[in-house]
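Novice: I am attaching a structure below and will ask some questions about it afterwards.
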Amino acid sequence: MTPDARHAKGPLTLSPELREALRRIARTDHLLVAMDFDGTIAPIVDRAGDARPLQRSAAAFAGLAALPRTTTALISGRALASLRAVASPPVDTLLIGSHGAEAWLGPGSTELTLDESQRKLLAEVRGVLEDIVEQAPGTLLEDKPAGVVLHTRLATDDVAEDAVAAARSVLQERKGVFLKNGKRVLETSVVNASKGEGLDFLRQITGATAVLFAGDDATDEDALGRLEPGDVGVKVGLDFTQAEFRVEAPVHVAELLEALLQERSLVVAEEEPGDA
Numbered sequence: 008m009t010p011d012a013r014h015a016k017g018p019l020t021l022s023p024e025l026r027e028a029l030r031r032i033a034r035t036d037h038l039l040v041a042m043d044f045d046g047t048i049a050p051i052v053d054r055a056g057d058a059r060p061l062q063r064s065a066a067a068f069a070g071l072a073a074l075p076r077t078t079t080a081l082i083s084g085r086a087l088a089s090l091r092a093v094a095s096p097p098v099d100t101l102l103i104g105s106h107g108a109e110a111w112l113g114p115g116s117t118e119l120t121l122d123e124s125q126r127k128l129l130a131e132v133r134g135v136l137e138d139i140v141e142q143a144p145g146t147l148l149e150d151k152p153a154g155v156v157l158h159t160r161l162a163t164d165d166v167a168e169d170a171v172a173a174a175r176s177v178l179q180e181r182k183g184v185f186l187k188n189g190k191r192v193l194e195t196s197v198v199n200a201s202k203g204e205g206l207d208f209l210r211q212i213t214g215a216t217a218v219l220f221a222g223d224d225a226t227d228e229d230a231l232g233r234l235e236p237g238d239v240g241v242k243v244g245l246d247f248t249q250a251e252f253r254v255e256a257p258v259h260v261a262e263l264l265e266a267l268l269q270e271r272s273l274v275v276a277e278e279e280p281g282d283a
């Protein structure tokens, strides 16, 4: 059974309202297709390094990246190095990592650097989390350029809750430390950034006239909340959202990207027949 089939849930049918929104946004002058990765293009897995995009999603995303007046981007909580390793994005795809703290806009992009006080604070945060992980079976840490992530997906529910509570009790009042809850993770960072700020930045530098953004996690609400009239926001999953549209699972994101690719390709063929 293929990964796409394993993660299928229910009939692959987008709502008529979402299909109409895709037809509308496909006609914009410059389209920015910005997607979260884990839980959106790729199914959630127990170990972060095992995540891979569904084949259908990757193919449709690459097709969109190849179209004129269309920019693709990934906006992820992952560090850029991790995102590149698991997503294998199209060469021209722009990348926002570490919840907006890192950005790759093409060759020559500068790497994130911390000052001495931030580096010292980050080492202190890691020390706090190391002590917690030693006492919490099934938890583990992931290092990022500006933070450390406490993963609890492999822990029992009570151990996970206790570990996150312990980390928050120590770190939430510490000046210069920023915390974000995700799905079975607690993100810590010494740089205050968000996916919403990342999306605003991408809109500005690309000159996009409309944006499609899809994401599944609480941190994606930062980006969904920055969408403007004429944009399309899609929540993946059943959690609370401010998005106008919703799909159930990553396999439906594949259908969404395929539908958008079809609509955008028709527009390009109509308006630029010489390039079709």
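Under the working numbering, the sequence shown has 79 at position 72, and the numbering climbs by one with no breaks. The C-beta atom is built at its ideal place from N, Cα and C for all residues, glycine as well. Keep in mind it's a predicted model, so treat the numbers as computed, not measured.
(1) Could you give the DSSP three-state label for residue 265: helix, strand or coil?
(2) Have a look at 247, 199, 268 and flag the residue whose alpha-carbon is nearest the alpha-carbon of residue 121.
(3) At a cut of 8 Å, does the stretch 70 to 88 reach the stretch 121 to 137 through at least three beta carbon pairs?
(4) In angstroms with no decimal places, state the Cα-to-Cα distance between residue 18 and residue 39.
(5) Can the beta-carbon of residue 37 be found less than 7 Å from the beta-carbon of residue 216?
(6) Taking the alpha-carbon of residue 84 as reference, which of 76, 110, 114, 100 has the nearest alpha-carbon?
(7) What is the rounded straight-line gap between the Cα of residue 123 and the Cα of residue 23?
(8) What are the start and end residues of the beta strand (DSSP E) that includes residue 64?
(9) Would you tell me roughly how many angstroms separate the C-alpha atoms of residue 189 and residue 231, rounded to the nearest one?
(10) What does DSSP give as the partner residue(s) for residue 188 in the beta ladder?
(11) Give the DSSP-derived three-state secondary structure of residue 13 in the structure shown.
(12) Are three or more beta carbon pairs between the stretch 219 to 238 and the stretch 158 to 175 nearer than 8 Å?
(13) Excluding the 5 residues flanking residue 184 on each side, which residues of the same chain have their C-beta closer than 8 Å to its C-beta?
(14) Just list the residues that DSSP pairs residue 253 with in beta bridges.
(15) Any idea what DSSP makes of residue 99, helix, strand or coil?
(16) Judging by CA-CA distance, which residue of 80, 218, 208 is the nearest neighbour of residue 28?
(17) Return the CA-CA distance between residue 49 and residue 241, expressed in angstroms with no decimal places.
(18) Assign residue 150 to one of two classes, buried (16 or more other C-beta atoms within 10 Å of its C-beta) or exposed (fewer than that).
(19) Quick check: the stretch 73 to 81 against the stretch 56 to 65, are there 3 or more CB pairs under 8 Å?
(20) Use the C-beta contact count for residue 8: other C-beta atoms within 10 angstroms, 16 or more gives buried, fewer gives exposed.
(21) Put residue 247 into one of helix, strand or coil per three-state DSSP.
(22) Is residue 138 helix, strand or coil when you go by DSSP?
(23) Using a 10 Å radius around the Cβ and a threshold of 16 neighbouring Cβ atoms, would you call residue 267 buried or exposed?
(24) Taking the straight line between their C-alpha atoms, what separation do you get for residue 141 and residue 193?
(25) Residues bridged to residue 165 by DSSP?
(26) With a 10 Å radius around its C-beta and 16 neighbouring C-beta atoms as the bar for buried, classify residue 182 as buried or exposed.
(27) By how many angstroms is the C-alpha of residue 271 removed from the C-alpha of residue 30?
Specialist: So, to answer that:
(1) For the purposes of this step, residue 265 is taken as the residue at position 258 of the sequence shown. Helix at residue 265.
(2) Sequence index remark: in the sequence shown, residue 121 carries index 114 (1-based). Minimum Cα distance to residue 121 is reached at 199.
(3) No, they do not touch.
(4) Residue mapping note: residue 18 aligns to position 11 of the sequence shown, counting from 1. Residue mapping note: residue 39 aligns to position 32 of the sequence shown, counting from 1. Reliability fails at residue 18, whose pLDDT of 48 lies under 50, so the model's placement of it is uncertain and the value that follows must be treated cautiously. Residue 18 and residue 39 have their C-alpha atoms spaced approximately 28 Å apart.
(5) Taking the sequence shown and counting its residues from 1, one reaches residue 37 at position 30. Taking the sequence shown and counting its residues from 1, one reaches residue 216 at position 209. Result yes, Cβ atoms of residue 37 and residue 216 sit closer than 7 Å.
(6) In the sequence shown, the residue the question calls residue 84 occupies position 77. Selected option, being the one with the closest Cα: 110.
(7) Locating residue 123 in the sequence shown gives position 116, where the first residue counts as 1. Locating residue 23 in the sequence shown gives position 16, where the first residue counts as 1. The straight-line gap from Cα to Cα measures roughly 53 Å.
(8) Working through the sequence shown from its first residue, we reach residue 64 at position 57. For residue 64, no beta strand (DSSP E) segment is defined; the enclosing uninterrupted segment is the alpha helix (DSSP H) at 62 to 72.
(9) Within the sequence shown, residue 189 is the residue found at index 182, counting from 1. Within the sequence shown, residue 231 is the residue found at index 224, counting from 1. One C-alpha to the other measures close to 15 Å.
(10) Here residue 188 is taken as the residue at index 181 of the sequence shown, counted from 1. Answer is 193, bridged to residue 188.
(11) For the purposes of this step, residue 13 is taken as the residue at position 6 of the sequence shown. Per-residue confidence for residue 13 stands at a pLDDT of 43, beneath the threshold of 50, marking its modelled position as unreliable; the derived number appears in the next sentence. Of the three classes helix, strand and coil, the one that applies to residue 13 here is helix, per DSSP.
(12) Counting C-beta pairs closer than 8 Å gives fewer than three between the stretch 219 to 238 and the stretch 158 to 175, which falls short of the contact rule.
(13) Start at 1 with the first residue of the sequence shown, and residue 184 comes out as number 177. Hits under 8 Å: 128, 132, 178, 195, 196, 197.
(14) By 1-based counting over the sequence shown, the position of residue 253 is 246. Looking at the DSSP assignment, residue 253 forms a beta bridge with 242.
(15) Within the sequence shown, the letter at position 92 stands for residue 99. It is coil, neither helix nor strand.
(16) For this step, residue 28 is matched to residue 21 along the sequence shown. Nearest C-alpha to residue 28: 218.
(17) One-based indexing of the sequence shown puts residue 49 at position 42. One-based indexing of the sequence shown puts residue 241 at position 234. Approximately 15 Å, taken between the alpha carbons.
(18) As a first step, residue 150 must be located in the sequence shown, where it is residue number 143. Exposed: under 16 other Cβ atoms inside 10 Å.
(19) The answer is no - the stretch 56 to 65 does not touch the stretch 73 to 81, with fewer than three Cβ pairs under 8 Å.
(20) In the sequence shown, counting from the first residue as 1, residue 8 sits at position 1. Unreliable placement is indicated for residue 8, whose pLDDT of 43 sits below 50; the coordinate value is still reported in the next sentence. Residue 8 is exposed by the Cβ-count criterion.
(21) Within the sequence shown, residue 247 is the residue found at index 240, counting from 1. In this structure, residue 247 counts as coil in the three-state DSSP scheme.
(22) Residue mapping note: residue 138 aligns to position 131 of the sequence shown, counting from 1. Three-state result, residue 138: helix.
(23) Indexing the sequence shown from 1 puts residue 267 at position 260. With 16 or more other Cβ atoms within 10 Å, it is buried.
(24) Locating residue 141 in the sequence shown gives position 134, counting from the first residue. Locating residue 193 in the sequence shown gives position 186, counting from the first residue. Approximately 16 Å, taken between the alpha carbons.
(25) The residue given as residue 165 occupies position 158 in the sequence shown. Looking at the DSSP output, residue 165 sits in no beta bridge, so it has no partner there.
(26) By one-based count along the sequence shown, residue 182 stands at place 175. Around the beta carbon of residue 182, a 10 Å sphere encloses fewer than 16 other beta carbons of the protein chains shown; the residue is thus reported as exposed.
(27) In the sequence shown, residue 30 corresponds to position 23, counting from 1. In the sequence shown, residue 271 corresponds to position 264, counting from 1. Roughly 8 Å between the two C-alpha positions.
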